[in-house]
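Position in the sequence shown (first residue = 1) + 544 = the numbering used here. Think of the CB as a built atom: it goes at the ideal place given N, C-alpha and C, for glycine as much as any other residue. Note that the structure is predicted; figures quoted are calculated from it, not measured. Taking it in order: structure first as structure tokens, then the write-up.
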Amino acid sequence: MTEQEPDPAELMKIAVEVAREAARTASEMRLAGVSGLATKSTATDVVTAADRAVERQVVAALRELRPDDAVLGEEYGDAVPAAPARVRWILDPIDGTVNYLYGLPNYAVSLAAEVDGRVVAGVVRNAATGAEWTATVGGGAFRDGERLHGSAQTDLAQSLVATGFGYDAARRVHQARVLVGLMPKVRDIRRFGAAALDLCLAAEGQVDAYYEKGLNLWDHAAGGLVAAEAGLLVAGLAAAPVGPDMVVAAPPALFSALQEQLIRLDAAGGP
Ligand code: IPD
Ligand code: CA
Numbered sequence: 545m546t547e548q549e550p551d552p553a554e555l556m557k558i559a560v561e562v563a564r565e566a567a568r569t570a571s572e573m574r575l576a577g578v579s580g581l582a583t584k585s586t587a588t589d590v591v592t593a594a595d596r597a598v599e600r601q602v603v604a605a606l607r608e609l610r611p612d613d614a615v616l617g618e619e620y621g622d623a624v625p626a627a628p629a630r631v632r633w634i635l636d637p638i639d640g641t642v643n644y645l646y647g648l649p650n651y652a653v654s655l656a657a658e659v660d661g662r663v664v665a666g667v668v669r670n671a672a673t674g675a676e677w678t679a680t681v682g683g684g685a686f687r688d689g690e691r692l693h694g695s696a697q698t699d700l701a702q703s704l705v706a707t708g709f710g711y712d713a714a715r716r717v718h719q720a721r722v723l724v725g726l727m728p729k730v731r732d733i734r735r736f737g738a739a740a741l742d743l744c745l746a747a748e749g750q751v752d753a754y755y756e757k758g759l760n761l762w763d764h765a766a767g768g769l770v771a772a773e774a775g776l777l778v779a780g781l782a783a784a785p786v787g788p789d790m791v792v793a794a795p796p797a798l799f800s801a802l803q804e805q806l807i808r809l810d811a812a813g814g815p
């Protein structure tokens, strides 16, 4: 029997169902108060009981619905099935954990599905507000059912650009230097604290563009697809693919100008 081709629309339906339940858990746990607080890579890189509980819940739900798939999650790493899997789910149980900690309503469950190493479906759900962004490859990007097209801005000097910073002090020093060089070239900068949501805001045109060094796959897998399907270019610098060195998401009319500045400032370099 030949294996059925995984259908992005089908995977998206599952992603949405699972992400909604996961977001409910995150917001219910937040209402009950933050617990299980611990640190990871640095003293400011935090994890809570909710990050872990949400990840366990999502992995269990996917095991039930798609037992042959692999899962990569931020908190527990890889969960691999016995046989090699074509489908891999990529999960950030809570993107924006520092916002979660402070009760700022900007944290999200981010869940993407890869087929043969390519992201084909994704959902980002703001667990505090219930806003939800979805995309399938070739099928467009949507917020709560409304199709997204990104910003129509064509002038970098008039652009509102979102970015973020890592948890490592040396990296932050480099990122701050880049910011100092970029500030005079753009309208303004926004730092909201959740990369997946930043990418969705860029997809929606609520910011004109977004860039960040140091993201992990779970930070950008779903949001990157949402931005790309909204018509943005989502890439690294100088024809590099997205990766830990750089993720830029900008409408085609802005991408080159932003990229030029980021290259000039060595934004993908440093620690
Ligand atoms: C972080 C957020 C933040 C970004 C960091 C990420 P986390 O993810 O997305 O906005 O600037 O680079 O690590 O720790 O909240 O899952
Ligand atoms: Ca996270």
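Using a Cβ-Cβ distance cut-off of 8 Å, the segment 750-758 and the segment 650-662 are not in contact, since fewer than three pairs of beta carbons, one from each stretch, lie closer than that value. Under the three-state reduction of DSSP, residue 588 is assigned to coil, being neither helix nor strand. Residue state for residue 578 is assigned as coil, using DSSP reduced to three classes. Counting along the chain, the unbroken beta strand (DSSP E) around residue 678 starts and ends at 676-680.
For residue 637, the Cβ falls inside the 7 Å cut-off from some heavy atom of ligand 2. Taking a contact as a CB-CB distance under 8 Å, the pair residue 556 and residue 675 does not count as one, their CB atoms being some 17 Å apart.
For residue 569, the secondary structure class from DSSP, reduced to helix, strand or coil, is helix. Excluding its 5 nearest sequence neighbours in each direction, residue 649 has C-beta neighbours in its own chain below 8 Å: 643, 670, 672, 673, listed in chain order.
Using a Cβ distance threshold of 8 Å, residue 708 and residue 735 count as a contacting pair. Taking a C-beta distance under 8 Å as the contact criterion, residue 639 and residue 619 do not qualify as a contact pair.
When the Cα atoms are used, residue 647 and residue 574 turn out to be separated by approximately 8 Å. Annotated as distal: residue 603 and residue 592, with beta-carbon spacing of 8 Å or more. DSSP places residue 799 in the helix class (H, G or I) of the three-state scheme. Per the coordinates, the alpha-carbon of residue 770 lies some 11 Å from the alpha-carbon of residue 682.
The Cβ atoms of residue 812 and residue 780 sit closer than 8 Å to each other.
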